[in-house]
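Engineer:
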Amino acid sequence: MIYSLRGKVFAKDGDTVIVDVHDVGYQVLVSHINDYEEGQEVLLYTYNVVREDEQYLVGFSSLDEKSVFLSLIKVKGLGPKSAIGALSSTTPQEVVNAIASNNVAYLKKLPGIGAKAAAQIILDLKGQLTGGEKGDPTVYDEVYEALKGLGFKGAAIDRVLATINEPGASAEEILRLALNKLRK
1296 MIYSLRGKVF
1306 AKDGDTVIVD
1316 VHDVGYQVLV
1326 SHINDYEEGQ
1336 EVLLYTYNVV
1346 REDEQYLVGF
1356 SSLDEKSVFL
1366 SLIKVKGLGP
1376 KSAIGALSST
1386 TPQEVVNAIA
1396 SNNVAYLKKL
1406 PGIGAKAAAQ
1416 IILDLKGQLT
1426 GGEKGDPTVY
1436 DEVYEALKGL
1446 GFKGAAIDRV
1456 LATINEPGAS
1466 AEEILRLALN
1476 KLRK
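In terms of our numbering, the sequence shown opens at residue 1296 and continues consecutively.
1. Measuring CA to CA, which of E1333, G1302, V1390, K1303 is closest to K1421?
2. Where does V1370 fall in DSSP's three states?
3. Could you pull the DSSP bridge partners for I1313 from this structure?
4. Specify whether the region 1432-1442 and the region 1397-1404 touch according to this definition: at least 3 beta carbon pairs, one from each stretch, less than 8 Å apart.
5. Just checking, does the region 1328-1342 make contact with the region 1350-1368 on the three C-beta pairs under 8 Å criterion?
6. Does the beta-carbon of P1387 have 16 or more other beta-carbons within 10 angstroms, so that it is buried, or is it exposed?
7. Helix, strand or coil for L1339 per DSSP?
8. Out of A1414, G1380, D1330, point me to the one whose CA is closest to A1393's CA.
9. Could you tell me whether the region 1367-1376 touches the region 1325-1334, where touching means 3 or more Cβ pairs closer than 8 Å?
10. How many angstroms separate the CA atom of G1444 from the CA atom of I1416?
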């Protein structure tokens, strides 16, 4: 198992970087490709994916990101490419916070994560990931229902709630934030 790679970014190709480690180039799938520049010295923590028909390395800039990734791939229906794709538009802490606060709307906005996958992530990982701020798991549901009662459409509510990730906030605070965004 390859735990980490330290070397220079030789090239970027799509969503992978080629890391030159003592004249050996390793192609590594990463979440935030724009964080890497050719010639940059990097340390990537890695996860080796071995399947019957493919083999590749997934790289992480921090152990937190790797930890969240490893948790996500344990979720039924989520593979390594879906998990790294989801991490490409957020931070590990935001994912942990969304799970801790039961924010399905936030998880649904991540690439490759639909409503079913978001619900499955919360079901499988709730209480397992540490470091996230704990929030009342029913707050986002309450806010959703309140906004629906005020006449807002479900798609608009989901879009706005996906941008609000405040685990310690009360339903009233989240409702106020959502209303401000919906009025714009």
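Note that CB positions come from ideal geometry on N, CA and C, so glycine has one too.
Structural biologist: The short version:
1. Stepping through the sequence shown from its first residue, residue 1421 is reached at position 126. Looking at the Cα atoms, V1390 is the closest of the given residues.
2. One-based indexing of the sequence shown puts residue 1370 at position 75. Correct three-state label for V1370: coil.
3. By 1-based counting over the sequence shown, the position of residue 1313 is 18. Among the bridge pairs identified by DSSP, I1313 is matched with A1306, Q1322.
4. Yes: at least three Cβ pairs fall under 8 Å.
5. Yes: the two stretches touch, three or more of their Cβ pairs being nearer than 8 Å.
6. Numbered from its first residue, the sequence shown carries residue 1387 at position 92. It counts as buried.
7. Residue 1339 sits at position 44 when you count from the first residue of the sequence shown. In the structure shown, L1339 sits in a strand (DSSP, three-state: E or B).
8. Reading the sequence shown from its first residue, position 98 is the one you call residue 1393. Comparing Cα positions, the closest option is A1414.
9. no
10. In the sequence shown, counting from the first residue as 1, residue 1444 sits at position 149. In the sequence shown, counting from the first residue as 1, residue 1416 sits at position 121. Between G1444 and I1416, the C-alpha separation is close to 28 Å.
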